[in-house]
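Read through the structure below, which is laid out as structure tokens, and then see the notes.
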Amino acid sequence: MQRPLSPPAFALPALLVPLALLLTACSTASSAGTSSVGSGGGTDGKGAVTLNVGDQKGGSEAILRAAGELDDLHYKIRWSTFTSGPPLLEAINAKAVDIGGVGNTPPVVAAGAHSKIRIVAASHGAAKGDTILVPDGSPLKRPADLKGKSVAVAQGSSAHYQLVASLKKVGLGLTDVKVKYLQPADALAAFTSGKVDAWAVWDPYTSQVLRGKKGRVLTDGDGLTNGLAFQVASPTALADQKKSAVIKDYLDRLRRAQDWVFKHPEEWAKVWAKDTGLPYDVALDAVKRTNGTRVTVALDKNAVASEQRIADVFARLKLIPGSVDLASYVDPRFNGKLPPSTTAPRTYGKES
542 MQRPLSPPAF
552 ALPALLVPLA
562 LLLTACSTAS
572 SAGTSSVGSG
582 GGTDGKGAVT
592 LNVGDQKGGS
602 EAILRAAGEL
612 DDLHYKIRWS
622 TFTSGPPLLE
632 AINAKAVDIG
642 GVGNTPPVVA
652 AGAHSKIRIV
662 AASHGAAKGD
672 TILVPDGSPL
682 KRPADLKGKS
692 VAVAQGSSAH
702 YQLVASLKKV
712 GLGLTDVKVK
722 YLQPADALAA
732 FTSGKVDAWA
742 VWDPYTSQVL
752 RGKKGRVLTD
762 GDGLTNGLAF
772 QVASPTALAD
782 QKKSAVIKDY
792 LDRLRRAQDW
802 VFKHPEEWAK
812 VWAKDTGLPY
822 DVALDAVKRT
832 NGTRVTVALD
842 KNAVASEQRI
852 ADVFARLKLI
862 PGSVDLASYV
872 DPRFNGKLPP
882 STTAPRTYGK
892 ES
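Counting in our numbering, the final residue of the sequence shown is number 893, and the numbers go up one at a time with none missing.
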């Protein structure tokens with residue numbers, strides 16, 4: 542997925558090293574359960590389709606592998622790993638990636654930049670892992686205490702909106718805090734060294750910091766953000782008949798794998814820990830808090846309406862250049878017989 546991480550300027554506590562070091566750009570290809578260095582492209586010399594998938598460490602590839610959904614592929618997958626959603630969507634816009642999973646805010650930012658993307662699938666989960674963390678011993682006790690303080694966040698990520706919504710709830714705005722736009726590895730380093738007062742982030746970072754006793758939750762996104770995540774595809778890939786058929790198969794496999802995770806949280810935590818280098822107890826915490834709660838839902842009018850509210854808020858705050866019609870970026874062709882999204886927009890944007 543992306544640009545390599547810049548090395549941290551200072552050492553990290555031992556517990557926090559593995560995930561930060563592992564979240565770097567890499568690329569591999571998988572076919573029928575095998576793995577090798579991939580070269581990308583639409584087909585190989587024999588006509589087999591190659592699907593270029595953007596991922597995050599311990600994400601879709603790990604879930605599919607754990608659930609046995611990579612065992613009988615009739616196409617190849619070339620994986621590219623990113624640290625967060627925004628650079629993944631940049632890769633989709635550049636046609637370097639065909640499809641990838643992101644949180645609720647990156648599609649809004651990409652749409653605001655008129656990127657060539659299409660939202661093709663949705664899932665819903667708990668938002669307790671979306672947090673604003675403060676160090677242990679911090680004098681900050683409630684979100685209102687963030688006024689005048691520095692907060693690290695990945696720009697355009699789901700945590701970015703969660704920060705906006707959390708501040709709004711207590712009568713504050715982004716201009717009331719010192720926002721430091723940092724990708725997760727750099728934010729982690731800044732947070733653990735005391736360079737920032739707070740960090741808006743998601744799981745497994747939340748669980749990692751809490752288990753390491755390096756911080757505590759000031760507030761979370763439960764009941765505040767919509768808990769949605771999306772699969773986003775390239776319009777070029779969708780227009781290709783063979784690749785579109787492969788995308789459908791990939792999404793079907795991902796849905797089955799997500800169901801497997803929901804039913805096997807402990808087993809999934811073991812796989813996730815091995816894949817990311819996280820301690821098992823950290824991975825299990827994250828599964829129980831966030832990852833294992835996620836279910837696939839239809840990409841329907843409720844989901845789109847909830848996302849539109851985020852877009853309206855970001856446009857109002859000039860975090861994107863102008864207004865966005867999210868529905869025009871949605872392609873619901875792969876919905877099938879999925880359960881409806883009951884995510885009534887829980888975002889504060891409804892009243893602002």
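Just so you know, even glycine gets a beta-carbon here, dropped at the ideal spot from N, CA and C. Remember, it's a predicted structure, so these values are computed and weren't measured experimentally.
- For the set A654, W740 and V773, the Cα lying nearest the Cα of I660 is the one of V773.
- Note that the C-beta distance between S748 and V823 is below 9 Å.
- Assignment of beta-bridge partners to R757 by DSSP yields V675.
- DSSP places N634 in the helix class (H, G or I) of the three-state scheme.
- Looking from the CA of T733, the closest CA among Q724, V675 and V718 belongs to V675.
- Within the same chain, and ignoring the five residues on either side of T777 in sequence, the residues whose Cβ sits closer than 7 Å to its Cβ are K636.
- The DSSP assignment places complete beta strand (DSSP E) segments of no fewer than 3 residues inside the region 674-712 at 691-694, in order along the chain.
- When DSSP reads this structure, S664 sits in a beta bridge with A770 and T837.
- Using a C-beta cut-off of 8 Å, the region 838-854 makes no contact with the region 619-630, since fewer than three inter-stretch Cβ pairs fall below that distance.
- In this structure, DSSP gives L592 an extended state, which the three-state scheme calls strand.
- Per the C-alpha coordinates, the member of S864, A814, V865 and A856 positioned closest to G599 is A814.
- In the structure shown, W743 falls within a coil segment according to DSSP collapsed to helix, strand and coil.
- If you compare the alpha carbons of D639, S621, Q703 and A603 with that of V787, the shortest gap goes to D639.
- Rounded to the nearest whole angstrom, the C-alpha separation of G768 and A700 is 11 Å.
- Straight through space, the alpha carbons of P648 and N876 are spaced by roughly 18 Å.
- Nearest to Q703 by C-alpha distance, out of H805, G644, A607 and T817, is G644.
- Boundaries of the beta strand (DSSP E) harbouring Y722: K719 to Y722, taken from the DSSP string.
- Here T817 is buried: its Cβ has 16 or more other Cβ atoms, across all protein chains shown, within 10 Å.
- In this structure V758 is in contact with T672, their Cβ atoms being roughly 5 Å apart against a cut-off of 8 Å.
- Partner residues in the beta bridge of V643, as assigned by DSSP, are F771.
- Counted as a single uninterrupted DSSP element, the alpha helix (DSSP H) harbouring S847 occupies residues K842 to R857.
- Residue pairing by DSSP puts R659 in a beta bridge opposite A774.
- Here the C-alpha atom of R794 lies approximately 8 Å from the C-alpha atom of L611.
- Under the three-state reduction of DSSP, V871 is assigned to strand.
- Going by DSSP, E610 is part of no alpha helix (DSSP H) at all; its letter is neither H nor E.
- Ranked by Cα distance from F803, the options T716, G666, A652 and G756 are led by G666.
- For L681, the CB contacts under 8 Å within the same chain, skipping 5 residues up- and downstream, are V675, L687, K690, D738, A739 and L759 in chain order.
- Of the candidates A810, L614 and L708, the residue whose Cα lies closest to the Cα of A607 is A810.
- A distance of 9 Å or more separates the beta carbons of D717 and L779.
- By the neighbour-count definition (other C-beta atoms within 10 Å, threshold 16), A868 is an exposed residue.
- Residue burial annotation: R683 is exposed, with fewer than 16 other C-beta atoms found within 10 angstroms of its C-beta.
- Leaving aside the five residues that flank S707 on each side, the residues in its chain whose CB is nearer than 7 Å to its CB run, in chain order, I673, P684, T760 and L765.
- Within the same chain, and ignoring the five residues on either side of V742 in sequence, the residues whose Cβ sits closer than 6 Å to its Cβ are A700.
- Non-local C-beta neighbours of S601 in its own chain, meaning closer than 7 Å and more than five positions away in sequence, comprise V594, G642 and L795, ordered along the chain.
- Contact between S698 and T646 holds: CB atoms are separated by about 6 Å, below the 8 Å threshold.
- One thing to note: A652 has its Cβ within 9 Å of the Cβ of A852.
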